[in-house]
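Our numbering puts the sequence shown at residues 11 to 255. Just so it is clear, CB atoms sit at the ideal spot from N, CA and C, and this is done for glycine as well. See below for the structure under consideration.
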Amino acid sequence: MSEERLDKIIASSGLLTRSEVKTIIKKGLVKVNNITVKDAALKFDCEIDEIEVDGKPLRKGKYVYIMLNKPKGVVSATNDNKDLTVVDILPDDLKRKNLFPAGRLDKDTTGFCLITDDGNFAHDILTPAHHVSKTYIAELSDDIDFEKGRQAFKDGVVLADGTVLLSADLEKIENNDIPTYKVIINEGKYHQVKRMFASLGSTVVELKRIKIGELCLDEKLKDGEARLLTQEELSKITQITHNIV
Ligand code: URA
C-alpha cells in the first residue's frame, strides 16, 4: 500500500467524516507511531504505520466492506453503459479499486447492498451452501392468503420454471394500507422474492432489503448513503471464519 494523507486514511476507516477527522487531528488526538501529529496533510502508510485515534488503534484492513442504502434506479454492478451503478454512487472517501457488490439487487429494489473488494468473503456469503439469510420488506399489488403463503414459503416454493426453493419465512406487517410482508430467504436466485409472490398470484410493487445475515441496514443511512462496516458488524453477516483483515 502506498502513502496517503493522514486525514484520508482515518476518514477511509468510516468512523468519522473528513471534517471531524481534521478537527481531532488539530486537537492533538491522533498519534502516528506514538507521536502526536497535528498536520492532516502528512502522508503515511496505513499498512506499516501505527495510527491511533483518541487512544484507539485504527483498524488495518486489507479489504473494505461497505453498507450502501441502495436507491431505486441504480444497478448493482461495477459498471454499466446506461445506468449509474452502486459503485459509481459511493462517496470519494470510500471509493477504491476492485469494488463490487456482493450479491445483486434489482434496479428497482432498494436497501442494504454490501460492497466489497474481498472476493473470498463475497463467495462465502453468496454460496448457497452457507445459507446466509437475506431479509426483505415487500409491498404487494394484491393481498395474498397469508396462512397459505406462509406454508408455501416454508415448504419451499416451486417456481414457474420448476426451480425448487429452500424454505423461507413469511411474516405479515400489520397496519399498512398496502399489503406488506417481511420475507426471509436463504439463497439468492434471480428475481427470487418477486417470483415467490408471483407463485401466490400477487405482484411485488416495492422491495427493500433490510438485513443480511443478522446485520440490519443502518436506519440512519438515507437513500444512496454508504458507510464502512465495523469488524463487529461483519461477524454478524456470517459466522464463517477466515482471515478478513
Ligand atoms: N428478490 C427479487 O425479486 N429482487 C431483488 O432485488 C432481490 C430479491
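In whole angstroms, what separates the C-alpha of residue i from that of residue j?
i	j	result
I250	D134	With a pLDDT of only 46 at I250, under 50, the local geometry of the prediction cannot be trusted, and the value read off the model is given with reservation. Those two C-alpha atoms are separated by around 7 Å.
R15	L244	26 Å
E184	Y191	9 Å
L238	A112	14 Å
A132	K72	15 Å
P189	D171	26 Å
Q202	A178	11 Å
G38	N130	38 Å
L26	L225	21 Å
K30	I20	With the sequence shown as reference, residue 30 is identified as Glu, and Lys is not the correct amino acid for it. Cα-Cα distance, rounded: 10 Å.
E57	D153	54 Å
N196	K232	26 Å
Could you check whether the Cβ of residue i sits closer than 7 Å to any heavy atom belonging to ligand 1?
i	result
V84	no
Based on the DSSP secondary-structure assignment, which residues constitute the bridge partners of residue i?
i	result
F122	N79
V203	Paired residues: none, contrary to the question.
V85	T95
| field | Residues surrounding ligand 1 [beta-carbon distance to nearest heavy atom under 5 Å] | value | L115, D116, T119, H201, Q202, V203, K204
| task | Please determine if the stretch 145-160 and the stretch 218-230 are in contact, where contact requires at least 3 C-beta pairs separated by less than 8 Å. | result | yes
| contact_flag[the stretch 111-125, the stretch 148-160] where n(CB pairs < 8 Å) is 3 or more | no
| message | Below 8 Å, how does it come out for the stretch 199-211 and the stretch 39-51: are there three or more Cβ pairs, yes or no? | response | no
| said: Taking 8 Å as the cut-off, does the stretch 121-130 touch the stretch 90-105 (at least 3 CB pairs, one atom from each stretch)? | reply: yes
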